[in-house]
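Structure record follows, encoded as structure tokens.
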Amino acid sequence: MRNLMGLGKWAFAGLLAASLVACGGSETAEETTKVEQKVEAKPIEWKMVTTWPKNFPGLGTGAEALAKNITAMSDGRLTVKVYAAGELVPPLEVFDAVSRGTAEMGHSTAYYWKGKAPAVQFFSSVPFGMTAQEFNAWLEYGDGLTLWEEVYAPFNIIPMAAGNSGAQMGGWFNKEINSVDDFKGLKMRMPGLGGEVMKKVGAVMVNLPGSEIFTALQTGTIDATEWVGPYNDLAFGLYKAAKYYYYPGWQEPGSAIEALVNKDAYNALPADLQNIVRAAAQQANLGMLNEFTARNNAALETLVNDHNVILKKFPKDLLEALKVASDETLKDVAANDPMSQKVYDSFKSFLNSVTAWHDISERAFINARAND
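Counting in the working numbering, the sequence shown runs from 1373 upward without gaps.
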């Protein structure tokens, strides 16, 4: 046995197979050959298309990290190559590319696909809705993930949470905003349900991918925009095109980033690789939120102190008016689509439950800490 231990693994496998054949163990020898073939199997190669510019902080790098983790965790058996926005498909065609199987994976956020199914918007961010922590709890311990999968099933896509920005900023404006009337006729980039709320109060919504925002704001094609928060907004240089930077981000209290996976490609994987894809997405989901939490304040200080950005809070009465408009908008979206109603009912019920708890836990603690 000591001599056998000194042989390479393929030499040992060959000796084992030969000895089994000599002993009449033909079935066992055949199984051994299959094992050898499995070990020698070519790596499975996937493509991931994204909505983000290449290596863009937080979002683009989050896609790269997810791909690298899948490749590493599978020991190279499943490799994922990332294609940034426009490299393989345009940024707002990620959903279709994954649905068709042009790419096995996508990395984006759900509200871009509201034209496919209105209910998808609830799985990105809901105005005055759940924080990142609450949303993740709804997915895992409510029926959020089951509903998300149900919404995407007709499109041959499996969704997975793969990141979160946390609470965002209210946006960049080229003028002060003092009342709801200041939104009337304002051309603004704000996707998803937040954009529907803004339309209700008189703003004109313009849907643009991230890569086009700066030029549109600088040239006056739009008067205002929201993107993410200080970490990403600094990287985009939005401070060069507008100076008024408002908070809080009522429209996106915790925006989920999704991994879209082609269902046929996923089902073709062995069970262990399927589990690796899910585990890597779960790791990416937490990792991105941690990164935004760690980086945002330093970026905000740079914007204010180095670039003279005017940081302002939305007036209380304006936020109250937006909350009323938001409640009306959500009810309207739900009433016009049975699947949206189903998702909205679940979302609202879970939100009410966790809000009751957070009022005496997270909120109470943060308020107490602020008084120290």
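Heads up, the beta-carbon is just placed ideally off N, CA and C, and yes, glycines get one too.
With a CB to CB cut of under 7 angstroms and the five nearest residues on each side skipped, what residues in its chain are close to Leu1672?
-> Pro1602
Val1696 versus Lys1440: straight-line alpha-carbon distance, rounded = 44 angstroms
Please report how far the alpha carbon of Lys1635 lies from the alpha carbon of Asn1677, in whole angstroms.
-> 48 angstroms
Taking only runs that begin and end inside the region 1512–1562, name each unbroken beta strand (DSSP E) of 3 or more residues, in chain order.
-> 1529–1536, 1543–1545, 1559–1561
Neighbourhood of Met1660 by C-beta distance below 7 angstroms, restricted to the same chain and skipping five residues each side | Gly1430, Gly1434, Gly1535, Asn1536, Ile1629
Is Trp1418 near Glu1476, with beta carbons less than 8 angstroms apart?
-> yes
Going straight from the alpha carbon of Thr1674 to that of Ala1614, what length do you get?
-> 15 angstroms
For Val1569, which of helix, strand or coil comes out of DSSP?
-> helix
Which partner residues does Thr1422 have in the DSSP bridge list?
-> His1479
First through last residue of the alpha helix (DSSP H) which encompasses Tyr1619 = It is not in any alpha helix (DSSP H) - Tyr1619 instead sits in the beta strand (DSSP E) that spans 1616–1619.
Leaving out five residues on either side along the sequence, give the residues of the same chain with a beta carbon under 7 angstroms from the beta carbon of Ile1577.
-> At residue 1577 the sequence reads Met, which differs from the Ile that was named. Here the set comprises Met1560, Met1562, Gly1567, Met1570, Lys1571.
Going straight from the alpha carbon of Glu1700 to that of Thr1443, what length do you get?
-> 45 angstroms
What residue does the beta strand (DSSP E) around Tyr1455 start on, and which one ends it?
-> 1450–1455
Name the residue from Ser1497, Lys1488, Asp1447 whose alpha carbon lies nearest to the alpha carbon of Glu1624.
-> Ser1497
Is it true that the CB of Lys1556 sits closer than 8 angstroms to the CB of Phe1527?
-> no
Which residues mark the beginning and the end of the beta strand (DSSP E) in which Glu1630 is found?
-> 1628–1634
Reduced DSSP secondary structure (H/G/I, E/B, other) of Met1502 = coil
Excluding five sequence neighbours on each side, which residues of the same chain lie with their C-beta closer than 6 angstroms to the C-beta of Glu1436?
-> Val1454
Flag this pair as touching only if the region 1679–1688 and the region 1646–1654 have three or more C-beta atom pairs under 8 angstroms; answer yes or no.
-> no
To the nearest whole angstrom, what separates the beta carbons of Ala1533 and Leu1511, a pair I think is in contact under 8 angstroms?
-> 6 angstroms
Could you work out which residue in Leu1632, Asp1644, Asp1468, Ala1469 is closest to Arg1321 when comparing CA atoms only?
-> Not covered by the structure: residue 1321. The range shown for the chain is 1373 to 1744.
Taking just the CA atoms, how far does Glu1734 sit from Met1711?
-> 32 angstroms
Which of the three DSSP states, helix, strand or coil, is assigned to Lys1695?
-> helix
Over the uninterrupted beta strand (DSSP E) stretch that includes Leu1589, give me the two end residues.
-> Careful: Leu1589 lies outside any beta strand (DSSP E), inside the alpha helix (DSSP H) at 1585–1591.
Express the C-alpha separation of Ala1640 and Glu1522 in angstroms, rounding to a whole number.
-> 20 angstroms
When burial is assigned at 16 or more other CB atoms within 10 Å of the CB, is Asp1595 buried or exposed?
-> buried
Among all the DSSP beta bridges, which residues are the ones paired with Ile1648?
-> Per DSSP, none; premise fails for Ile1648.
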